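Colleague: Take a look at the following structure, please.
4 protein chains.
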Amino acid sequence: MGIQERKNREKEERKTLILAKAKELILEHGIDALSMQEIADGTELSKATLYLYFQSKEAILKEILAESASAFVEYVESRISPESSGIEALRTLWASYMSLYGESHEVFVLTGINNFLEPGFLLDLGRTGADLDTPPGRMLAMIARVLERGIADGTLKTDLKPLKLARTVILIATAIIDTVARLPRPARDSRIILAEMRSVFELLIRGLAADGTDRSLLALPDLDAGRSRNRRP
Amino acid sequence: MGIQERKNREKEERKTLILAKAKELILEHGIDALSMQEIADGTELSKATLYLYFQSKEAILKEILAESASAFVEYVESRISPESSGIEALRTLWASYMSLYGESHEVFVLTGINNFLEPGFLLDLGRTGADLDTPPGRMLAMIARVLERGIADGTLKTDLKPLKLARTVILIATAIIDTVARLPRPARDSRIILAEMRSVFELLIRGLAADGTDRSLLALPDLDAGRSRNRRP
Amino acid sequence: MGIQERKNREKEERKTLILAKAKELILEHGIDALSMQEIADGTELSKATLYLYFQSKEAILKEILAESASAFVEYVESRISPESSGIEALRTLWASYMSLYGESHEVFVLTGINNFLEPGFLLDLGRTGADLDTPPGRMLAMIARVLERGIADGTLKTDLKPLKLARTVILIATAIIDTVARLPRPARDSRIILAEMRSVFELLIRGLAADGTDRSLLALPDLDAGRSRNRRP
Amino acid sequence: MGIQERKNREKEERKTLILAKAKELILEHGIDALSMQEIADGTELSKATLYLYFQSKEAILKEILAESASAFVEYVESRISPESSGIEALRTLWASYMSLYGESHEVFVLTGINNFLEPGFLLDLGRTGADLDTPPGRMLAMIARVLERGIADGTLKTDLKPLKLARTVILIATAIIDTVARLPRPARDSRIILAEMRSVFELLIRGLAADGTDRSLLALPDLDAGRSRNRRP
DNA sequence: TATGAATGAGATTTCATTCAT
DNA sequence: CATGAATGAAATCTCATTCAT
Chain A
4 MGIQERKNRE KEERKTLILA KAKELILEHG IDALSMQEIA DGTELSKATL
54 YLYFQSKEAI LKEILAESAS AFVEYVESRI SPESSGIEAL RTLWASYMSL
104 YGESHEVFVL TGINNFLEPG FLLDLGRTGA DLDTPPGRML AMIARVLERG
154 IADGTLKTDL KPLKLARTVI LIATAIIDTV ARLPRPARDS RIILAEMRSV
204 FELLIRGLAA DGTDRSLLAL PDLDAGRSRN RRP
Chain B
4 MGIQERKNRE KEERKTLILA KAKELILEHG IDALSMQEIA DGTELSKATL
54 YLYFQSKEAI LKEILAESAS AFVEYVESRI SPESSGIEAL RTLWASYMSL
104 YGESHEVFVL TGINNFLEPG FLLDLGRTGA DLDTPPGRML AMIARVLERG
154 IADGTLKTDL KPLKLARTVI LIATAIIDTV ARLPRPARDS RIILAEMRSV
204 FELLIRGLAA DGTDRSLLAL PDLDAGRSRN RRP
Chain C
4 MGIQERKNRE KEERKTLILA KAKELILEHG IDALSMQEIA DGTELSKATL
54 YLYFQSKEAI LKEILAESAS AFVEYVESRI SPESSGIEAL RTLWASYMSL
104 YGESHEVFVL TGINNFLEPG FLLDLGRTGA DLDTPPGRML AMIARVLERG
154 IADGTLKTDL KPLKLARTVI LIATAIIDTV ARLPRPARDS RIILAEMRSV
204 FELLIRGLAA DGTDRSLLAL PDLDAGRSRN RRP
Chain D
4 MGIQERKNRE KEERKTLILA KAKELILEHG IDALSMQEIA DGTELSKATL
54 YLYFQSKEAI LKEILAESAS AFVEYVESRI SPESSGIEAL RTLWASYMSL
104 YGESHEVFVL TGINNFLEPG FLLDLGRTGA DLDTPPGRML AMIARVLERG
154 IADGTLKTDL KPLKLARTVI LIATAIIDTV ARLPRPARDS RIILAEMRSV
204 FELLIRGLAA DGTDRSLLAL PDLDAGRSRN RRP
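Chains as they are written, first to last, in our numbering: chain A, 4 to 236; chain B, 4 to 236; chain C, 4 to 236; chain D, 4 to 236.
Shown next, in the form of C-alpha cells:
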C-alpha cells in the first residue's frame, strides 16, 4: 500500500500547496483581489487543475478559514492553563494572537475571510445560537468560555452575555486584520502592526477588567521585552 | 462674469448630485457593489459624463470620504462644549457617531471608504506626521485633541501619544462599520447594530478612563433611555 | 429630433444585425453550437457590446423565437381567407410554412429554439392553459383555431381537443426542422427538405381529414407545380 | 487460448458495462448532459479507461445507437406475424415502440442519438441507397418492408416509395422523443408522453391507411384498456 | 458640454482528451 | 491493463474606461 499512501500524501500536498498559495495571495493583495487565475499562476497549475482539488473558489476560502480558525483555537487552548484566572486567560489569548501573527500571519485570514463569506456572522450568531459547531463558531465559543471564566472568578466585569461579548471582541480584532490585510505587502511593517495590536488589546483588557484587578495584569508585555526574553538562555 | 459663475455653480451642483447618489448606493448595497453604471443610472447621467466631473471611480470615493469626514468633525465640534472634561468629550464623540449613524448612516462611508482607498492611513499617518490637513487627517487630529484634553484633566489615562491612540480608536470604530457595510440592506437591523456600537464604545471608554473616574461616566446611556432623555428639555 | 431618430434607427439596426447573425449561425451550425463569441465575431462586435443590446444569450434566443413566431402567425393569418373551410385553412397553414422556409428559412428557428428554451412547452401548455399570450403561445392558439374551424365545418375529424391537437401538430413539424437544423449547411438540399416537408404534411392532412372530404384537398400541390404557377403571368 | 478468450470476454463485458451506464445516464439527464466524467463515475472506471475501450465519446454514442436500433428491429420482427396485413403490421410497430418506451425507455436513445450523431441520416439515406447495412439502416429497411406489405395488400395507400416514407415515419417518431429527451427526468410524466405518442401514431396510421380500411384498425387502443387487454389470456 | 457606443481585460467554471506511471 | 493527474480551450458575463460625434 506504499504507492497508495504516497499518492494520498502527494494529493494532500497539492491541496496544501494551493491553500498556502491562496493564503499568501490574500496576504499579498487582499481577499478582494484573489482570483483563480492568480492561484493557478502561483502554483504553476492550470485553472482546471484547481477544480480537481476544490469544488469552487468559495470552497478554497472556506477551507483556509476552517484551518486557520482551528489552528488558532488549538493553539490558544494549548497555552491556557486550567488554573489561570479569567484575565490571565484573556492575556494568553492576545499573546497567542500576536504570536501567530508574528510567526506565520496565520490570523490574517481568520476574520477577513469570514467576513467575506458570511458577512452577518459576527452580528447574528449570538442570537440564533446556531453554527457553533463550525470552526469559526468554535473560536467564538472558546473566547466566550474565557470571558465566562473571568466573570466567574471576578477578574472581569461586564454586563453582557459572554457569547455576545465574544462577538464584540472578535469584531474589534477584525478591525486590525482587515486593515492590515488591505495593505500592499511592501507597506507592511510588522513592528507597527504588532504595536497597533498591542494598543488595541490593552484597551480591551482595561475595558474588561474588574475594578480591583491587579494593576500589573492590565499592561501587556512590551513587544521587545518578550523577544529578548526568548533570546536569553 | 455672471455666466461663468452660473456655470461654476451648475458644475458644483452636478458634482454634488453624483456624490450624493454614490453615497446613497454605498449605503444601500455596500461599497463592493458600487459601479459606475449604477451611479450613472441613479443620476440620470451617462457614464461618460461622470468622467467629466471626476477623473475616476476612485476620485469619487475620495471626495465622498473627504466630505463625510469634514461633516463628522464639524458635527462633533459643534456638540463638545469647551468646559466639558476629556471623558465627557469622549462620550460626546461616541454619541455623535451613533447619532449620525441613526440619522443618515453617514458614518458608514467615513471609515469603510477610507479603508478601501488608503488602507495604510490608520497605521501610517501618525508616523509620517503628514497629511493632517486632509479631512480624514483633521478627524484624526480632532480625536487626538479630545484624548489630550482628557489626559490633561486626569479623566483619561494612557501611556500612548494622543495621536497614536486616536488612530487606534478609529480603527476600532471601523470594525463595526466594515462588518455592517457588507451586509445587504435588508439584513441590517439598526437595533442590533446600535447595540453593538454601544458595546464597543463602552469597552473603549472603560479602557481609556482613569482609575478614579466617576463611575456614572463609564456606562453609556441605554439606547432607548438615551433617546427620550435627549428629547426632554 | 432627426438625430434622435437616426440613433434609434441605428440602434434598432444593430439589434437586427445581431439577431440576424445569431439566426444565421443557428442555421449554420445548430443551436447547440451557438456561442456569444461566434456572434461577436460574426457581427464584428465585441462580446461586451452584445450585452449592450441583449441582457443575456437567452434573451437573444427568446427574441429570435418571438419574432419568428409572430412573423409566422401574421403571415398565415394574412393568407387564410375567412370563407375557407377548415381543411383549406390547414392547407394554407402548410403552404405558408413551406413558403417561409423557402424564402428565408425563418421557420427554422421557430421550434428548435422553443424546445431549447422551454423544453416542456409542447407537452405542458395545453394542460396548464397558461402563457397563450406569448408569441409561441399565439402560434399554438392560431393553429388550434384552424383545427377548430375544420371540426366545426366537418372537414376535419378528430377525437382530441383542438389545443391539444395543435401541440401535436407543432411537435411533428418540429421534427423536420430539428432534423434539418442539425445538418451542416453544405449538406442541406432545399429540394429534399421541401419534399420531406411535403410528405409529412400530406400524411398529417390525410390523418386529420374527415371521411367524406374532397379527395383533391388531400394531396398537397406538387412542389414544382407551385413554382411554375408563380412564374406564369 | 483460454486466457485470450477470457480476456476477450472481459473486454466485451467492460464495453457492455460502459454502454449500459451511458444509456442509463442519457435516459436520466438527456443526451446534452452526458459527460465522460459521469460515465466514469457510474461505471467506477476512470475516464482514461473509457478511452481504452472507445476511441471517443462519439464512438460510445454510435455503439449505443447501433445496439438500440438492433434491439428494436428484433423486438418488432418477433412480434409481427407473417400473416398479418400491412396495416396490422404497422399497428404492431407502434405498439412495440410504445411498449419499449413503457418498459425501458429504450426508444429514447434510438432516435435522439441518431439525430445527435448523424443529423443527415434520415434525409440522406434514401438517396444514396447506402448504409442499409448499419443497424439504423436495418431499422429503416424493416419499416419500409412493413409499408411495402401494406401497399401490396391494399391496406395502405401512398404515392411515395416505401423507403422514402419509412424515413418520414421515423422522422415523425423522432419528434416526440427529441422533445421528451430534453426534459429533466422529474418533469417527465409517462402518461402524458404515452398519450402524446398515441396521438401522433393515430394521425400517422389514419394518414397512411387506404380508404376502405376497416375503421376499427384506425383507432389505436386506449392506453389503459390496451394494458389490461394484453394481460388477459 | 454631453453622451451613446464600444471594448479589453478579466472573472468563474466545464469538459473531452492525453500521458506518465 | 488501468488510472490519477493535468490541461487547453471554451463558455457566459461584468466593469472601468475611452472616444467620436
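Ideal placement from N, C-alpha and C gives every residue a C-beta, glycine not left out.
These numbers were taken from a predicted model, which means no experiment stands behind them.
Could you check if residue 117 of chain A is buried or exposed, using at least 16 other CB atoms within 10 Å of its CB as the buried criterion?
Modeller: Flag for residue 117 of chain A reads buried.
Colleague: Below 8 Å on the Cβ atoms is my contact criterion, and I expect residue 212 of chain B with residue 83 of chain B to pass it. Report the Cβ-Cβ distance as a whole number of Å.
Modeller: That belief does not hold up - the Cβ atoms of residue 212 of chain B and residue 83 of chain B are roughly 17 Å apart, past 8 Å.
Colleague: Of all the CB atoms in chain D, is at least one closer than 8 Å to the CB of residue 49 of chain C?
Modeller: No, residue 49 of chain C lies away from the interface with chain D (no Cβ there is under 8 Å from its Cβ).
Colleague: Using a C-beta cutoff of 8 Å, does residue 199 of chain A count as contacting chain B?
Modeller: Output row for residue 199 of chain A: interface = yes.
Colleague: Please report the distance separating the alpha-carbon of residue 166 of chain D from that of residue 106 of chain C.
Modeller: Their Cα atoms are separated by approximately 29 Å.
Colleague: Going by C-alpha to C-alpha distance, which of B/94, B/199 and B/168 sits closest to residue 169 of chain A?
Modeller: Checked all of B/94, B/199 and B/168; the closest Cα to residue 169 of chain A is B/199.
Colleague: So is residue 10 of chain C buried or exposed if we call it buried at 16+ other beta carbons inside 10 Å?
Modeller: Label assigned to residue 10 of chain C: exposed.
Colleague: For the pair the segment 139 to 151 of chain B and the segment 60 to 72 of chain B, tell me if three or more CB-CB distances fall below 8 Å.
Modeller: Result yes; three or more Cβ-Cβ pairs closer than 8 Å.
Colleague: So, at 7 Å on beta carbons, what are the nonlocal neighbours of residue 18 of chain A in its own chain, with the 5 sequence-adjacent residues on each side left out?
Modeller: Answer for residue 18 of chain A: 56, listed in chain order.
Colleague: Taking residue 49 of chain B as the reference, which of B/21, B/37, B/29 and B/66 has the closest Cα?
Modeller: Per the Cα distances, B/21.
Colleague: State the DSSP-derived secondary structure class of residue 206 of chain D, mapped to helix, strand or coil.
Modeller: Looking at residue 206 of chain D - three-state DSSP - the assignment turns out to be helix.
Colleague: Let me check understanding here. Comparing Cα to Cα, which of A/16, A/46 and A/135 lies closest to residue 28 of chain A?
Modeller: Taking only the C-alpha atoms, the option nearest residue 28 of chain A is A/46.
Colleague: Taking the beta carbon of residue 219 of chain D as the centre, do at least 16 other beta carbons fall within 10 Å, making it buried, or is it exposed?
Modeller: Exposed: under 16 other Cβ atoms inside 10 Å.
Colleague: Closer than 9 Å, Cβ to any Cβ of chain B: which residues of the segment 90 to 108 of chain A, in chain order?
Modeller: Result list empty, no residue passes.
Colleague: Taking 8 Å as the threshold (C-beta atoms), are residue 172 of chain B and residue 171 of chain A in contact?
Modeller: No, they are not a contact pair.
Colleague: Can you list, in chain order, the residues of its chain with a C-beta nearer than 7 Å to that of residue 76 of chain B? Leave out the 5 residues immediately preceding and following it.
Modeller: Closer than 7 Å at Cβ, skipping near neighbours: 141, 142 and 145.
Colleague: Counting only beta-carbon separations shorter than 8 Å, does residue 128 of chain C have a partner in chain D?
Modeller: Caution is warranted here: a pLDDT of 44 is assigned to residue 128 of chain C, below 50, making its placement in the model unreliable, and the coordinate value is therefore given only provisionally. Cβ-Cβ to chain D under 8 Å: no for residue 128 of chain C.
Colleague: So if DSSP puts residue 212 of chain B in a beta bridge, which residue, or which two residues, is it bridged to?
Modeller: Residue 212 of chain B is bridged to B/159.
Colleague: Report the residues of the segment 195 to 219 of chain A with a CB closer than 8 Å to any CB of chain B, ordered along the chain.
Modeller: Residues 195, 196, 199, 202, 203, 205, 206, 207, 208, 209, 210 and 211.
Colleague: Report the rounded CA-to-CA distance for residue 7 of chain D versus residue 58 of chain D, giving the unit in angstroms.
Modeller: Between residue 7 of chain D and residue 58 of chain D, the C-alpha separation is close to 22 Å.
Colleague: If you draw a straight line from the C-alpha of residue 65 of chain C to the C-alpha of residue 119 of chain C, how long is it?
Modeller: If I take the Cα positions, the gap works out to 10 Å.
Colleague: Closer than 9 Å by beta-carbon distance: list the chain A residues that pair up with residue 19 of chain B, in chain order.
Modeller: None at all; the shortest Cβ gap to chain A is about 29 Å.
Colleague: Going by alpha carbons, who is nearest to residue 102 of chain A out of A/79, A/87 and A/121?
Modeller: Among A/79, A/87 and A/121, the Cα nearest to that of residue 102 of chain A belongs to A/79.
Colleague: For residue 13 of chain C and residue 93 of chain D, what's the separation of their Cα atoms in angstroms?
Modeller: Approximately 57 Å between the Cα atoms of the pair.
Colleague: Tell me, please, whether the CB atom of residue 163 of chain C is closer than 8 Å to any CB atom in chain D?
Modeller: So yes, residue 163 of chain C belongs to the interface.
Colleague: With a cut-off of 8 Å, does the C-beta of residue 36 of chain B fall near any C-beta of chain A?
Modeller: For residue 36 of chain B, the answer is no, since every Cβ of chain A falls outside 8 Å of its Cβ.
Colleague: Please report the distance separating the alpha-carbon of residue 205 of chain B from that of residue 96 of chain B.
Modeller: Roughly 12 Å between the two C-alpha positions.
Colleague: Would you give the residue range spanned by the alpha helix (DSSP H) that residue 58 of chain D belongs to?
Modeller: Premise fails: residue 58 of chain D is in no alpha helix (DSSP H) and is neither H nor E.
Colleague: Give the interface partners of residue 137 of chain D over in chain C, defined as CB-CB distance under 8 Å, in chain order.
Modeller: The contacting residues do not exist; residue 137 of chain D stays about 18 Å from chain C at best.
Colleague: Quick one: list the residues of chain A neighbouring residue 169 of chain B, beta-carbon separation under 7 Å, in chain order.
Modeller: The premise fails here: residue 169 of chain B is roughly 11 Å from chain A at the closest Cβ pair, so nothing lies under 7 Å.
Colleague: Between residue 179 of chain A and residue 174 of chain B, which are expected to be in contact by the criterion C-beta below 8 Å, what is the C-beta distance as a whole number of angstroms?
Modeller: Indeed, because the Cβ distance is near 6 Å, the residues count as touching under 8 Å.
Colleague: Residues in the same chain with beta-carbon distance under 7 Å from residue 24 of chain D, minus the five sequence neighbours each way, listed in chain order, please.
Modeller: So the qualifying residues of the chain are 42, 45 and 46.
Colleague: Going along chain A, which residues have a C-beta under 9 Å from residue 325 of chain B?
Modeller: Residue 325 of chain B lies beyond the residue range present for chain B, which begins at 4 and ends at 236; the question has no answer from this structure.
Colleague: When you compare the CB positions of residue 176 of chain A and residue 100 of chain A, do they come within less than 8 Å of one another, or not?
Modeller: Yes; because the gap between Cβ atoms is below 8 Å, this pair is in contact.
Colleague: At the level of alpha carbons, what is the spacing between residue 98 of chain D and residue 210 of chain D?
Modeller: Going from the Cα of residue 98 of chain D to the Cα of residue 210 of chain D covers about 17 Å.
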